[in-house]
Each structure stands twice: as C-alpha cells, then as structure tokens.
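Data first, discussion second: the structure below is written as structure tokens.
2 protein chains.
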Amino acid sequence: MSDRPPTTAIVIIGDEILSGRTRDANVSFLGERLAARGLPVREVRIIADDTAAIGEAVNALRPRHRYVFTSGGIGPTHDDITAAAMAVAFGVALERNLEAQALLEAHYPPEMRTAARMKMADIPAGASLVDNPVSKAPGFRLDNVFVLAGVPQILQAMFDGIEPSLEGGVPLVSMTVSCDLGEGVVAEGLGAIQAAHPGVAIGSYPYFRPGHYGASLVVRGTDPVLVAAVAAEVSALVRALGGHSAFVDAPAAAPDATA
Amino acid sequence: MSDRPPTTAIVIIGDEILSGRTRDANVSFLGERLAARGLPVREVRIIADDTAAIGEAVNALRPRHRYVFTSGGIGPTHDDITAAAMAVAFGVALERNLEAQALLEAHYPPEMRTAARMKMADIPAGASLVDNPVSKAPGFRLDNVFVLAGVPQILQAMFDGIEPSLEGGVPLVSMTVSCDLGEGVVAEGLGAIQAAHPGVAIGSYPYFRPGHYGASLVVRGTDPVLVAAVAAEVSALVRALGGHSAFVDAPAAAPDATA
Numbered sequence: 000m001s002d003r004p005p006t007t008a009i010v011i012i013g014d015e016i017l018s019g020r021t022r023d024a025n026v027s028f029l030g031e032r033l034a035a036r037g038l039p040v041r042e043v044r045i046i047a048d049d050t051a052a053i054g055e056a057v058n059a060l061r062p063r064h065r066y067v068f069t070s071g072g073i074g075p076t077h078d079d080i081t082a083a084a085m086a087v088a089f090g091v092a093l094e095r096n097l098e099a100q101a102l103l104e105a106h107y108p109p110e111m112r113t114a115a116r117m118k119m120a121d122i123p124a125g126a127s128l129v130d131n132p133v134s135k136a137p138g139f140r141l142d143n144v145f146v147l148a149g150v151p152q153i154l155q156a157m158f159d160g161i162e163p164s165l166e167g168g169v170p171l172v173s174m175t176v177s178c179d180l181g182e183g184v185v186a187e188g189l190g191a192i193q194a195a196h197p198g199v200a201i202g203s204y205p206y207f208r209p210g211h212y213g214a215s216l217v218v219r220g221t222d223p224v225l226v227a228a229v230a231a232e233v234s235a236l237v238r239a240l241g242g243h244s245a246f247v248d249a250p251a252a253a254p255d256a257t258a
Numbered sequence: 000m001s002d003r004p005p006t007t008a009i010v011i012i013g014d015e016i017l018s019g020r021t022r023d024a025n026v027s028f029l030g031e032r033l034a035a036r037g038l039p040v041r042e043v044r045i046i047a048d049d050t051a052a053i054g055e056a057v058n059a060l061r062p063r064h065r066y067v068f069t070s071g072g073i074g075p076t077h078d079d080i081t082a083a084a085m086a087v088a089f090g091v092a093l094e095r096n097l098e099a100q101a102l103l104e105a106h107y108p109p110e111m112r113t114a115a116r117m118k119m120a121d122i123p124a125g126a127s128l129v130d131n132p133v134s135k136a137p138g139f140r141l142d143n144v145f146v147l148a149g150v151p152q153i154l155q156a157m158f159d160g161i162e163p164s165l166e167g168g169v170p171l172v173s174m175t176v177s178c179d180l181g182e183g184v185v186a187e188g189l190g191a192i193q194a195a196h197p198g199v200a201i202g203s204y205p206y207f208r209p210g211h212y213g214a215s216l217v218v219r220g221t222d223p224v225l226v227a228a229v230a231a232e233v234s235a236l237v238r239a240l241g242g243h244s245a246f247v248d249a250p251a252a253a254p255d256a257t258a
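Read top to bottom, the protein sequences are chains A and B. As numbered in numbering that gives the first Met the number 0, the first sequence has no gaps in its residue numbers, which increase by one up to the final residue, 258. As numbered in numbering that gives the first Met the number 0, the second sequence has no gaps in its residue numbers, which increase by one up to the final residue, 258.
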C-alpha cells in the first residue's frame, strides 16, 4: 500500500450528477478531509451508472494512487450497479456476503427483506465491509479502493469510520489572503513570490460580485511556518500595490481523526 | 464533427476544486444546458493545474465525444497554464493572437497592459476565439474542444455565446416523481417498469432529511410522451405501495438558444 504515493482519487458514479440535476457535494468533503490527512486528491472522474465506465475509471486510477474512493450506486434499485461493476473490474465474483446479510437482517424485519434490499448484501469476493451507521447497508473496501454511498450524509459517516485506518502523508496546510485587487495587478509580483518559494504552491482565484471584484490568493504547503511566511509576503505585496488584504484562515493542524 | 456521437465531456482544471476549497458549479450548469440541447455529458474529469494532466484528459476525451469543454486556468497569473497546456496537447505553437491582443488593448489602457495581462492573448495556433462579455479575456475553440473560464459567471456568459453554434442531438427531457417511500420499497416495481420501457432511463435518488426520507424517481428520455407515460406508471406504483407522490417538474422543451 505505502509504496504508492500519498495521493488519492475520487470516482463519482451517477447519471444525476452528469445531467446537472444534482450538484455533487462529495468531492469538496473528501478533498478537504483527505488533504488534511496528507492524502491530497489528484484526480476526480464523474461517470455514468455504467459497468464499463466504472471499470475503466477504477482500473485507471487505482495503480496510480494510494487510495481511490467511489461514491454512489450501492443502493437497492435497478440503477445501483456499482458492486457488480467493481466485481467485474477486479475480476472477482459478486457473492452474498454473510456479514452484510446479517447487518441487513438485524435492521429489516423478515417481511421487509425484499430481494431488492437483500441485493445490498451482494459484495465482491474478498472485500471487507465499511460500516454505514446511517442506513446500515454497508460500503466495502477492495484492495485500495473504498466503495462508498452517494448520499452525502452516508458517505460522510462512512468516511468518519475509515479515516483512522488511512495511511496518510504530511498534512497540507493553506492560508488565504483575500484582496480587492484584480488578478492582472498582482500577477507579476505573485509569480515572483512563487518562483522564490518552490516549497509552496500559490493559487490565485478571482471573484466577481455585483460592484465588487478581487482575488483569493491561496498559499499551500506542508510546512506551516513557510506557508505563513509566504502568505505574509503575499499580503505585503497586495498592500504595496495599493490594495487591502485580509487573512481568511489560519494554518490549521489536521483534525485528529483517531481522537 | 457530426460523425462523433452527440455526447460531451467536461474537464474542470483547478487545484482549488481538488483541495475542497471551492465547490464546482460548472458541471451542473453545463450538464443541464447540454442535456437540453441533446448533447448529454458522459464524463467529467477534475484535474490539477498541471500540463501533463491537462493533455492526458483532453486527448483521452476529444476523440470520444462531439464536444469537450474545459473550465479554468485562462487568467493572468502564474498558475493559469491551460492555454499553454492545450498547445502542447494539440502539438501546436502557443502564439500571440492579434485578435485577442486587440480585445485586451481595447479594454486596458496602456499603463495597465502588464505582461501578465497580455499573456491572456497567448492562444494556441489555429484556435478561434470565444467571446468573454464579462471581463474581455477570451476563451477559445480548438477542433472540438472549447476552453472556457473557471469563474462561473464568465463560463456561463461564454457558453451563452457558443451555444447556438453547437450541433446537438435530440434533447433529453425528464420528469421527477418525488415520493415518501424508501428505495427498498419501490425497488422491485421500479425495476419492472424500467425493464418494460427500454426507451427511457429511470434513476432513483434517495434523500434523508431530519425526520423525513424518501426518494426522487427520475424518468429521462428523448420522447416527451413516453417519459410522461412512464412517470405516470411510477407515480401509480408509489400510490399502490401506500406512498404519496408528486411530480416535481414537467417535461420541458429545450431552451431556444438561438432566440
């Protein structure tokens, strides 16, 4: 596991995201939590509820990253095909998982144990289960791939459970300098600061609101002292150019998920 | 162009989306607008501000789809590398585009024409420009790839401009039946309705709110009459199972972008 770089990828499975009907909330949640554990997300793919598409995405991403997280498609309806698609992708059988079956039987009285609900106990062979404290039907882990629910509340609860087991790298910290200057004004000075400090990554994100524009200048890195020092340089640049600047956030330690 | 299937893909370029700092808004906008033009989005990739990652994503997607839309990285700062990366991906030169230069010179008085701002006139050879009515710096089109801004207001204004030129397919329409039954209750009947109507795609999206749960059952297809008939069947199923149902939306014609 740990011979793979401490980076991660996400696969969002769901026609409803591609159609624009539903706005994804799982990328921002996982992106923040994983960065804080030193497991920055490097790629996200959003794909359809389609066996071939799921296999292509997962098999492209899992050799490249320490962990891959999928979201969506593990419910009881006909369009929930992620477990079966993962079995195909890994070349293993999809089989009734007795541990998952016991979880569902403890939750649903006999008259509610429809074939559709019990389908949620069909899990690829060799997978270990991921606890679902919200609605019981489990996710699972197969090699370095975590297969999680799409509903944000459930995905978040599942992630809380697996987070302590993740082997992370050095947490990324960031500081944001918000300013009321256009990007074109700060670009040259900002580029010079970036060139002088290869140990951090500086991003510039313009914003436009009615009668108001500016940019958020974000300094990211693994060394909190260096991040703070570079953010101070960025803030000084903004003031030297006649703008106003404010620190939007302070460098925070990674949340202690094992507490 | 039109020998490619009427499907589309999106590439979101930006470290700030991967880090969870910014929640993407462009996928849902483009997904809805493109589906309404019969150009459903089939894949989305979210990648870093990285030349190799941009080239890999764009070159993987452009042979598969009629159009590819990228978002982000065309501003004046050091982290805006999309235009240069696209030139590399297509194997063409990045060169000062005189039309783009004229647009920027009309917008910025001489003392504001910094090297950083004028960098926004460096465009891959052979590209045609995409109008930016918000902040002037243009996007561009290279073969079937549209390179747009990341700021949602600008991306949306750019899309408004190019939409009439897109060669679409048959618009997708959808109807949503919202119900107060769990997915496990409707799953079997819903699967039977799906099996009987291969001309539509039925999706089931559970929701959980405090003290309240249910599912949105979405019927999608290109034939509005069939979509409405199947949605009526779904609604009848919900009521037969003892639940309540409501139509959340009616099938809408695609917006007439040429009006």
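Backbone N, C-alpha and C fix where the C-beta goes; we use that ideal spot for every residue, glycine too.
Only Val150 and Gln152 from the region 135-158 of chain A bring a Cβ to less than 7 Å from some Cβ of chain B. The C-beta of Asp78 (chain B) has 16 or more other C-beta atoms within 10 Å across all chains shown, which makes the residue buried. Beyond the five residues adjoining it in sequence on each side, Leu141 (chain B) comes within less than 7 Å, by CB distance, of Met85, Phe89, Pro123, Gly125 and Ala126 in the same chain, given in chain order. Fewer than three beta-carbon pairs drawn from the region 139-159 of chain A and the region 86-105 of chain B are found closer than 8 Å, and the two stretches are therefore not classed as touching. Residue-level contact check: Arg36 (chain B) does not touch chain A, since none of the beta carbons of chain A fall below 8 Å from its beta carbon. Neighbours of Leu189 (chain A) in chain B, taken as residues whose beta carbon is under 7 Å from its own, are Thr76 and His77 in chain order. Neighbours of Tyr66 (chain B) across chain A, judged by C-beta separation under 7 Å, do not exist; the nearest C-beta is about 14 Å away. Secondary structure of Thr50 (chain A) (DSSP, three-state): helix. For His211 (chain B), the enclosing beta strand (DSSP E) covers residues His211 to Gly220. Separation of Asp121 (chain B) and Ala230 (chain A) (C-alpha to C-alpha, rounded to the nearest whole angstrom) is 29 Å.
Our two residues, Ala136 (chain A) and Ile45 (chain B), have alpha carbons roughly 29 Å apart in a direct line. By the neighbour-count criterion, in which a residue is buried when 16 or more other Cβ atoms sit within 10 angstroms of its Cβ, Pro205 (chain B) is buried. The residue among B:Pro4, B:Phe28, B:Gly167 and B:Leu225 with its C-alpha nearest the C-alpha of Glu15 (chain A) is B:Phe28. Scanning its chain for C-beta atoms nearer than 7 Å, with the 5 sequence neighbours on each side dropped, one finds around Val87 (chain A) the residues Thr50 and Gly54, in chain order. Along the region 19-31 of chain B, the positions whose C-beta sits under 8 Å from a C-beta of chain A are Gly19, Arg20, Thr21, Arg22, Asp23, Ala24, Val26, Ser27, Phe28, Leu29, Gly30 and Glu31, read in chain order. Rounded to whole angstroms, the separation of the alpha carbons of Thr69 (chain A) and Ala82 (chain A) is 11 Å.
Buried is the label assigned to Ser173 (chain B), since at least 16 other Cβ atoms lie within 10 Å of its Cβ.
A contact between stretches requires three or more CB pairs, one per stretch, nearer than 8 Å, and the region 171-187 of chain A meets this requirement with the region 213-231 of chain A. Per DSSP, Asp159 (chain B) is one residue of the alpha helix (DSSP H) stretching across Pro151 to Ile161. Around Tyr66 (chain B), the same chain offers Thr7 and Asn143 as residues with beta carbons nearer than 6 Å, after the five sequence neighbours per side are excluded.
At a cut-off of 8 Å, the C-beta of Arg44 (chain A) has a neighbouring C-beta in chain B. Counting along the chain, Arg140 (chain A) sits inside the beta strand (DSSP E) bounded by residues Gly138 to Leu141. DSSP places Thr69 (chain A) inside the beta strand (DSSP E), whose first and last residues are Tyr66 to Ser70. The beta carbons of Met117 (chain A) and Leu103 (chain A) sit about 6 Å from each other, so the pair counts as a contact at 8 Å. Boundaries of the beta strand (DSSP E) harbouring Met174 (chain A): Val172 to Cys178, taken from the DSSP string.
In the structure shown, Ala34 (chain B) adopts helical secondary structure according to DSSP, grouped into three states.
For Val229 (chain B), DSSP records no beta bridge to any residue.
For Val91 (chain A), none of the residues of chain B pass the 9 Å Cβ criterion, the least Cβ distance being about 25 Å. For Ile80 (chain A), no alpha helix (DSSP H) encloses it, and the DSSP letter there is neither H nor E. Restricting attention to A:Leu17, A:Leu60 and A:Arg61, the CA atom closest to the CA of Ala34 (chain B) is found in A:Leu17. Measuring C-alpha to C-alpha distances from Ala239 (chain A) to each of A:Leu189, A:Ala52 and A:Gly74 identifies A:Leu189 as the nearest. Contacts between Pro205 (chain A) and chain B, judged by CB atoms closer than 7 Å, involve Gly74 and Val150 in chain order. DSSP lists A:Val43 and A:Phe68 as the bridge partner or partners of Ile9 (chain A). For a Cβ distance threshold of 8 Å, residue set Leu17 and Ser18 of chain A lies close to Pro39 (chain B), ordered along the chain. Distance from the Cα of Thr76 (chain B) is smallest, within the candidate group B:Met119, B:Ser134 and B:Val40, for B:Met119. Taken through DSSP and simplified to helix, strand or coil, Leu60 (chain B) comes out as helix.
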